[in-house]
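Here the structure comes first, spelled out in structure tokens, and everything after it is commentary.
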Amino acid sequence: QKEVEQNSGPLSVPEGAIASLNCTYSDRVSQSFFWYRQYSGKSPELIMSIYSNGDKEDGRFTAQLNKASQYVSLLIRDSQPSDSATYLCAVIHMEYGNKLVFGAGTILRVKS
Amino acid sequence: DGGITQSPKYLFRKEGQNVTLSCEQNLNHDAMYWYRQDPGQGLRLIYYSQIVNDFQKGDIAEGYSVSREKKESFPLTVTSAQKNPTAFYLCASSIARDSSNQPQHFGDGTRLSIL
């Protein structure tokens, strides 16, 4: 099992819809989770961090964490074409010396 | 402005040549990292450093070398031993030596290709 798994997509949603991006991880004791957005040809940009079970909202973004299920998700409300990018889930794996482990990313396409 | 500066943006390597990628940060971060990203793949850790004059190998260190003589600088050398160096190289930093809950922030990257 990969340490961090994401569906590669592409996930296509119409403008204004909710985009739901999902991520599972293997380290049962991980405490820190991050979502990065990466535009084509650019470097990753941190958009959300979450450390506790439940939801964390920041503008149009909501991160959801369920440690019992080892699952973290990112919801993007009112999706815009400018949200089209690859979204990387990253988890600090305590089993691997607190290294930040990245998923391969989910491609999101928002159609206008 | 505070940030992480990588240079050059594009780099071409001839066969048998060593090349060095620069990474400088003025965020006063203790920890710095080098990643490699291949098309359609996630980031893979090459080397990291949590303190000046100390660094550790990541998952794919073979064919690479680093130094950390100053807190703000963490250059990466791609040696001739790295037979497939074509990739997007990303430098990152985080605030704490113990990065158990700190996010990493990235520079703009260097795209390396073989001539």
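Sequence lines, in order, name chains V and A. The opening position of the first sequence corresponds to residue 1 in my numbering, with each subsequent residue numbered one higher. The opening position of the second sequence corresponds to residue 1001 in my numbering, with each subsequent residue numbered one higher. All residues carry an ideal CB built from backbone N, CA and C; glycine is no exception.
For the 8 Å CB-CB criterion, Glu15/V and Gln80/V form a contact. Straight-line measurement puts the Cα of Arg1068/A at about 7 Å from the Cα of Pro1075/A.
Under the DSSP assignment, Ile1004/A falls in the beta strand (DSSP E) whose first and last residues are 1004-1007. Annotation for Leu1076/A: the continuous beta strand (DSSP E) segment containing it runs 1076-1078. Of all residues in the segment 4-34 of chain V, only Val4, Gln6, Ser8, Gln31, Ser32, Phe34 come within less than 9 Å of chain A when Cβ atoms are compared, listed by chain position.
When Cβ-Cβ separations below 8 Å define contact, Gln1025/A makes no contact with chain V. In this structure, Pro44/V sits away from Tyr51/V, with a CB-CB distance that is not shorter than 8 Å. Spanning the alpha carbons of Ser40/V and Gln70/V requires a straight line of approximately 29 Å. Proximity of chain A to Phe102/V at the Cβ level (cut-off 7 Å) is accounted for by Gly1042, Leu1043, in chain order. For Ser1049/A, the number of other beta carbons within 10 angstroms of its own is at least 16, and it is reported as buried. Per DSSP, Gly54/V is one residue of the beta strand (DSSP E) stretching across 54-58. Cα atoms of Ser49/V and Gly59/V: separation of roughly 13 Å, rounded to the nearest angstrom. Not a single C-beta of chain A is nearer than 8 Å to the C-beta of Ile47/V.
Within the segment 1025-1054 of chain A, there are no complete alpha helix (DSSP H) runs of at least 4 residues. Of the other Cβ atoms in all chains shown, fewer than 16 fall within 10 Å of the Cβ of Arg77/V; this residue is therefore exposed.
Within a 10 Å sphere around the beta-carbon of Ile107/V sit 16 or more other beta-carbons, which makes this residue buried.
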